[in-house]
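*Asks:* Numbering (numbering that gives the first Met the number 0), first residue to last: 0 to 232.
Glycine included, C-beta positions come from ideal geometry on N, C-alpha and C.
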Amino acid sequence: MAEIFNVEAEARETFGKNAARRIRYSDRIPAVVYGGGGPSIPLTVDPKAILRVLHSDAGHNAIFTLEIPGKAPARVMLREWQWDPLRGSLLHVDMVRIARDAKLRVRVPIQVTGEPKGVKVQGGLFEFILREVEVECLPDDIPEHITIDVTEMLIGRNLRVSDLPVAEKVKVLAEPARVVAHVLPPKAEEAPAEEVVAAAPAEPELIRKRKPEEEGAEEEAEAPEGKQKKETK
């Protein structure tokens, strides 16, 4: 990874919240540089220069030259930075010196290109799960991003960390079996619930209790002629 530009800095001799507030009023922000076998130096920098680094293609992995009056230029990277949660402006930045022969561990974004056949032809759903991965390499070998073509992915296919195309000098530290992206089957449409019409309960048969005289008349009608009651004279 090539250095993209220079950032000018000035040594800082005042500290504390009030001093930091005055620095920001002057359109600069507090900063510090450390590491690489050198001393920690408090600085002030132009926030616009730091934003150019963050918005570059390499982003927070960019390596640039820090120039401090009276000191040798240093190759540095951004290590930490703070934002104003209300205004969205930079408040503070930490930078670390970089040695060409010392390996670094950095997080690199993953990019995909193409439209999976599992989506275009089969109607599946593409899910991009792991969007960055940690790698270890020398500063000049840090990739700006890792790009992989997903055009041939079909439904049920998983793209894993082991499938990521990286240079031999770059070691991926994530688990090889970890899923980066996959294509899922289309969601089945739910069938509309059938309306169940409850059958009306049958009306109960009414049973009328008969009077005693009605029961006697019925018995006489059913009895044989010889056994019928004699008429009263």
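Between Arg-78 and Thr-64, which are expected to be in contact by the criterion C-beta below 8 angstroms, what is the C-beta distance as a whole number of angstroms?
*Replies:* The Cβ separation is near 16 angstroms, so there is no contact.
*Asks:* Who are Tyr-33's beta bridge partners in DSSP?
*Replies:* Looking at the DSSP assignment, Tyr-33 forms a beta bridge with Val-95.
*Asks:* Consult DSSP for Ala-71 and reduce its assignment to one of helix, strand or coil.
*Replies:* Here Ala-71 sits in coil by DSSP.
*Asks:* Are the Cβ atoms of Leu-89 and Ile-49 separated by less than 7 angstroms?
*Replies:* Cβ distance < 7 angstroms, so Leu-89 and Ile-49 count as in contact.
*Asks:* Taking the Cβ atom as the reference point for each residue, do Glu-131 and Leu-172 lie within a distance shorter than 7 angstroms?
*Replies:* No.
*Asks:* I need the DSSP call for Phe-41, collapsed to helix, strand or coil.
*Replies:* The sequence shown places Pro at residue 41, not Phe. Looking at Pro-41 - three-state DSSP - the assignment turns out to be strand.
*Asks:* Name the two residues that bound the continuous alpha helix (DSSP H) containing Ile-62.
*Replies:* Ile-62 -> no alpha helix (DSSP H), and no H or E assigned at all.
*Asks:* Could you give the first and the last residue of the continuous beta strand (DSSP E) run that contains Ala-104?
*Replies:* Correcting the residue identity first, residue 104 is Arg in this sequence and not Ala. Here the beta strand (DSSP E) through Arg-104 covers 103–112.
*Asks:* Look up Phe-14 in the DSSP assignment and give the residues it is bridged to.
*Replies:* Its beta-bridge partners do not exist; DSSP assigns none.
*Asks:* May I ask you to report which of helix, strand or coil DSSP gives Val-120?
*Replies:* In the structure shown, Val-120 sits in coil (DSSP, three-state: anything other than H, G, I, E or B).
*Asks:* State the Cα-Cα distance for the pair Thr-112 and Phe-127, rounded to the nearest angstrom.
*Replies:* So the two alpha carbons sit approximately 12 angstroms from each other.
*Asks:* Would you tell me roughly how many angstroms separate the C-alpha atoms of Leu-52 and Glu-7, rounded to the nearest one?
*Replies:* The sequence shown places Val at residue 52, not Leu. C-alpha separation (whole angstroms): 13 angstroms.
*Asks:* Hey, Lys-116 and Leu-153 are a contact pair by Cβ (cut 8 angstroms); roughly how many whole angstroms apart?
*Replies:* Sure, about 6 angstroms apart at Cβ, within 8 angstroms.
*Asks:* Give me whichever residues DSSP pairs with Phe-127 in a beta bridge.
*Replies:* The partner list for Phe-127 (beta bridge, DSSP) reads Ala-180.
*Asks:* Please list the terminal residues of the continuous alpha helix (DSSP H) segment that includes Ile-49.
*Replies:* Its alpha helix (DSSP H) spans residues 46–53.
*Asks:* So if DSSP puts Met-76 in a beta bridge, which residue, or which two residues, is it bridged to?
*Replies:* Met-76 is bridged to Val-95.
*Asks:* Measure the alpha-carbon distance for Leu-137 versus Lys-70 and round it to whole angstroms.
*Replies:* Cα to Cα, Leu-137 sits roughly 25 angstroms from Lys-70.
*Asks:* Go through its chain and collect everything with a Cβ distance to Thr-231's Cβ below 8 angstroms, but skip five positions before and after it.
*Replies:* Low per-residue confidence applies at Thr-231: pLDDT is 43, beneath 50, and the placement is therefore not dependable, though the value from the model is reported in the following sentence. Counting only Cβ-Cβ distances below 8 angstroms, and skipping sequence neighbours, we find nothing.
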